[in-house]
Structures are given as structure tokens and as C-alpha cells.
Amino acid sequence: MKQIRKNRERLVPIIESIMFLGRQNIALRGHKDYGILSSELHLSETIINEGNFREILKFRILSGDKTLESHLKNNNAKATYISPTIQNELIECIRKEIVFKIIKDIDKSKYFSIIFDETTDVSKISQMSLSIRYNYSGKIFERFVTFIDCHSSMDNGNEDKDSDGVDSNQIEPKLTGEFLGDIVIQMMSKLGLTFDNCVGIATDGCAVMVSTIVGAVQRIQQSTKNAIHCPCNNHALNISISKSSTVQSIRNCIGIMEQVISFFNASAKRNFILKKMLKKQFVSICQTRWVKRHDSVLQFKMSLPEVINALASISEWDDIVSSSKAKTLLFSISNCEFIISLYSLSSVLAVTYHASKTLQGKYQDILTSSEVIENIISILKNNRSDCDTNFQTIFNECKDLMEELDVDIKIPRIASRQQ
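Residue numbers (numbering that gives the first Met the number 0): 0 to 418.
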């Protein structure tokens with residue numbers, strides 16, 4: 000027992016270091032991950048960087064951790080428990096403890112909902128993320144549980160394969176809704192979750208998830224009879240706002256802003272001129288996340304005079320490519336239609352911005368969310384019913400800016416009143 004306790008004491012600083020790096024989202028690995036620490040004899044003189052994990056161990060020794068120092072100095076290199084293999088094993092143990100604690104809390108809470116989505120990461124691997132939402136001691140928690148490699152799960156699940164490991168019945172590895180649903184069911188079973196206690200399934204609104212015949216949700220509901228599907232309303236709003244670009248003037252406005260931002264970001268010297276005038280970096284326009292789109296549109300609106308000055312300056316350069324492009328963009332943003340479209344877009348996004356922030360809140364409940372959405376609908380309806388007054392306000396703001404920028408003011412095209 001004494002030896003067991005001593006061995007556990009040796010592992011404590013190693014485990015604490017791994018947990019610290021994980022909590023701070025810092026990578027463990029370095030260029031040298033094996034053998035005795037290079038600083039064993041000359042700790043303060045070494046110039047070799049062995050990666051974050053090994054360096055933090057050296058820092059602990061410098062800070063007076065005698066237990067760790069004795070362990071690393073007096074044990075064989077193969078018994079120090081700091082190799083990449085041991086690191087992975089300890090990380091896996093930590094993961095199991097975290098998941099065990101989450102499942103324990105869920106069991107006490109009894110009822111829960113699952114949240115999952117699938118996407119391709121930067122390493123070109125199809126990853127599914129699974130989170131669980133539950134009420135524990137009067138507080139709502141959304142806990143991430145695991146990532147799942149979908150294609151590996153498909154490959155491991157195939158029993159009818161040829162000698163090359165390819166499913167003879169399905170050459171193309173399609174991730175169908177039914178298959179994604181099966182992955183979630185298998186993971187829930189593996190975690191020991193009670194299917195009857197699952198009362199909600201949250202996904203986005205894509206067909207592979209919500210199809211009533213072969214969708215992932217429909218597949219899961221076959222096992223979780225009490226689960227109600229809760230589609231991501233914020234995802235629907237993302238699409239709604241993005242689709243506003245089908246209005247020609249708004250679509251043109253967004254396209255021009257994207258070109259201007261790309262123009263400055265593509266060159267260090269162009270970016271230098273812009274930052275010199277703005278004192279900050281431009282925010283790129285996000286195609287789907289309309290919270291980010293509002294930020295970028297608002298920044299562009301507030302910075303329009305400086306952007307025009309920057310383009311005017313670049314248009315006088317000897318660089319033919321930069322100067323000609325700057326003149327084209329300068330003409331595009333120095334006209335009445337663009338400025339009015341920009342201010343109109345910003346006014347709508349200002350109304351919808353609060354809904355996005357609210358719906359993404361961790362501790363949001365359905366009553367508050369419903370009130371926020373109803374308020375926004377009411378505001379938009381009022382703006383629409385009194386469109387003449389509201390547009391006059393927008394036009395007056397644009398008029399002041401256009402007079403300042405010496406832009407010709409033109410009466411916009413008048414459309415018939417919509418029913």
C-alpha cells in the first residue's frame with residue numbers, strides 16, 4: 000500500500016500539468032517527446048525547447064516540486080510516465096472521469112436532451128459533435144461529450160467487406176441521415192443513457208437531419224419515444240437573413256463590401272494605409288453567422304469615409320493593379336444606391352442582432368426566447384407598416400453623409416406598395 004501511494008504521488012504533478020494544458024487549450028507535444036528531460040543536469044541553462052508539456056514539468060521543478068524532480072531523476076527513462084503514449088493514456092483517463100461525472104449528474108437529473116451536428120474539420124475528417132443538455136440543481140447545463148469520426152464508425156460497422164476492407168454493398172461511403180442517427184443511438188447506449196429519459200433532440204434544419212422518412216432525428220426517435228425534435232431556430236434565422244441578399248440592391252451592397260475588404264486584406268501595403276486611417280483591422284463579412292455579419296456591416300458603415308479616403312489614396316499609386324482596382328471600388332461605394340443599401344441593411348441587422356445573441360445564450364429558456372422573437376417581429380412589422388417614415392429617417396442619415404462625401408443624391412427607384 001505504501002508503494003502504491005508513492006506511485007500515485009509521482010503521477011499527481013504529471014496529471015495536473017496535463018489538466019492545466021488541456022484547460023488552457025494548449026498543445027502538449029514538442030519536437031522532442033521521448034527520453035529524459037534535457038534539463039536534468041543543467042535546468043536553468045538549457046536552450047532546448049521540448050514542447051509545452053515537458054517545459055511545464057521543468058518549470059515545476061524550478062519552482063520547487065521535489066516529488067517530481069526526484070521521480071524524473073531517480074527512475075529509468077521508460078518509467079517516468081511522460082512519454083506521448085502515457086500522455087494519451089492519461090488524457091483518456093481524464094476524459095472518462097469527466098464523462099462519468101456528467102453522466103452521474105444526468106442520472107440524478109433524470110431527463111435530458113441531446114444536441115448533435117456533423118461537419119468536416121480542417122483535417123478533412125467528418126466529425127460529429129455530441130452534447131447533452133440537462134437541468135441539475137435548478138441550473139441548465141450544456142455539456143460537450145465527444146467527437147465521433149463518422150467515416151471510421153461506418154468502416155468499423157461494416158461486417159460485409161472484401162479483402163481490401165471495402166464494403167462490397169456500398170462502395171461510396173455516404174453519410175445518410177439513418178446512419179448518423181445510428182451513430183448517436185450507439186453513443187447514447189455506450190454512455191449508459193436511458194433512452195426513455197431523452198425528451199429532446201436538437202439539430203439544424205438540413206434535410207439529412209429532419210427528413211421524415213430517412214432523417215437522423217426520425218431514426219433516433221424510434222428508440223427515444225419521448226424525444227421531441229427542437230430544430231435550431233437561430234439556424235433558420237441565419238438562413239433568412241442571408242437570403243435577404245436576393246434583393247438586388249442588398250446583394251450588390253454585400254458583394255461590394257466583400258470585395259473592398261478582400262482588396263485591403265490581400266496586400267500588406269494596402270492594409271497599412273487602411274489601418275493608418277481606421278486605427279484598426281477590418282472584420283470580414285461572414286456568410287452564415289449574421290451576428291458577425293452585423294458587426295462587419297456596422298463597422299463598414301461607420302468607417303465609410305475613411306475607406307473612401309484610403310481607396311482614393313491608393314488610386315493614385317504607380318502600382319497599376321492596385322490603383323485601377325481602387326478606382327473601381329471607389330466608384331462602387333461612392334454612389335447613392337450603395338450608401339442607402341448599406342444603411343438599410345444595417346438598420347435591419349440592428350433589430351435582429353439581439354435575437355441572435357439571446358438565442359445562443361447557454362441559460363436561455365423558451366419563454367424568454369419567445370418574447371424576444373415576438374418583440375422583433377413586432378418591430379419589423381411596425382417598421383414595415385410605417386415604411387415611409389422609417390425610410391425617410393434612413394435617407395436623411397444617408398443624405399448628410401453623401402453631402403459630406405460630395406456624392407450625387409438620386410431618388411431611388413419607387414416600387415409599388417407590397418401587400
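Positions of the beta carbon are idealized from the N, C-alpha and C atoms, including for glycine.
8 Å Cβ shell around residue i - same chain, five flanking residues per side excluded
| i | result |
| --- | --- |
| R59 | P12, S16 and L67 |
| C231 | A201, T202, D203 and G204 |
| S112 | I131, R132, Y133, C197, V198, G199, I200, A201, A226 and C229 |
| S333 | I307, L404 and V406 |
| K324 | F262 |
| H206 | Per the sequence shown, residue 206 should be read as Ala rather than His. The residues are G176 and G214. |
| L56 | P12, I13, S16, L36, L67, L71 and I81 |
| G29 | N48, E49, G50, N51, F52, R53 and E54 |
| S125 | E117, T118, T119, D148, C149, H150 and L174 |
Under the three-state DSSP convention, the category residue i falls into
| i | result |
| --- | --- |
| F131 | In the sequence on display, residue 131 carries Ile and not Phe. Strand at I131. |
| R4 | helix |
| R9 | helix |
| D294 | helix |
| I313 | helix |
| Q359 | coil |
| T175 | coil |
| S62 | coil |
| S125 | strand |
| I14 | helix |
| L36 | coil |
| S302 | coil |
| K57 | helix |
| I408 | coil |
| F19 | helix |
Chain-order list of residues whose beta-carbon lies under 6 Å from that of residue i (same chain, five-residue window excluded)
| i | result |
| --- | --- |
| F143 | S130 |
| P83 | D32 |
| H353 | none |
| V371 | A354 and T357 |
| L273 | F263 and A309 |
| H70 | R9 |
| M153 | P172 |
Host alpha helix (DSSP H) of residue i (start-end)
| i | result |
| --- | --- |
| D387 | C386 to L404 |
| R28 | Taken as a continuous stretch (DSSP letters only), R28 belongs to no alpha helix (DSSP H), as it is neither H nor E. |
| K274 | A267 to L277 |
| E49 | E49 -> no alpha helix (DSSP H), and no H or E assigned at all. |
| K72 | K65 to N73 |
| S323 | I319 to I332 |
Candidates the options, of which the one nearest residue i by Cα
| i | options | result |
| --- | --- | --- |
| I227 | F194, K5 and S322 | F194 |
| L344 | C229, H293, E370 and E49 | H293 |
| I452 | N225, R53, I219 and G204 | Because the chain is modelled from 0 through 418, residue 452 falls outside the range shown and cannot be assessed. |
| K422 | F99, C205 and R250 | The chain is shown only over 0 to 418; residue 422 falls outside these bounds and no answer can be derived. |
| V246 | C386, L341 and E91 | L341 |
| T223 | I319, I97, N74 and D181 | D181 |
| I393 | L404, D405 and E336 | E336 |
| Q217 | E257, C197, I114 and G176 | G176 |
| D148 | T118, A206, D385 and L10 | T118 |
| S136 | T145, I124, D106 and D116 | D106 |
| M187 | R7, A26, I124 and T145 | T145 |
| E8 | T79, N51 and E49 | T79 |
| S346 | I365, R383 and D318 | R383 |
| F115 | V121, S122, S108 and M127 | M127 |
| M18 | I93, F178, H150 and P304 | I93 |
| L297 | M256, A267 and Q391 | M256 |
| F140 | N155, D120, Y110 and I124 | Y110 |
| L20 | L89, N389, K300 and L61 | L89 |
| E305 | F271, K5 and I319 | F271 |
Cβ neighbours of residue i in the same chain (closer than 7 Å, five flanking residues each side left out)
| i | result |
| --- | --- |
| V350 | I375, I378 and L379 |
| S368 | T357 and L358 |
| S322 | I313, S314, E315 and W316 |
| C397 | I338, I339 and Y342 |
| A311 | L329 |
| S302 | L277 |
| G419 | In the structure as shown, the chain starts at 0 and stops at 418, and residue 419 therefore has no counterpart that could be examined. |
| I25 | N51 |
| S248 | E336 and S340 |
| I3 | none |
| Q258 | L328 |
For residue i, the first and last residue of its enclosing beta strand (DSSP E)
| i | result |
| --- | --- |
| K138 | K138 to D148 |
Residue i CB to nearest heavy atom of the ligand ZN below 7 Å
| i | result |
| --- | --- |
| M256 | With respect to small molecules bound, the structure shown includes none, and the ligand ZN cannot be examined in it. |
- Task: Report the residue ranges of all alpha helix (DSSP H) runs contained in full by the region 78-122; include only those spanning at least 4 residues, in chain order.
- Result: Runs found: 83-108.
* Asked: Which parts of the region 180-247 are runs of the beta strand (DSSP E), unbroken and 3 residues or longer, counting only runs that do not cross its ends?
  -> 197-202 and 227-230, all fully within the region 180-247.
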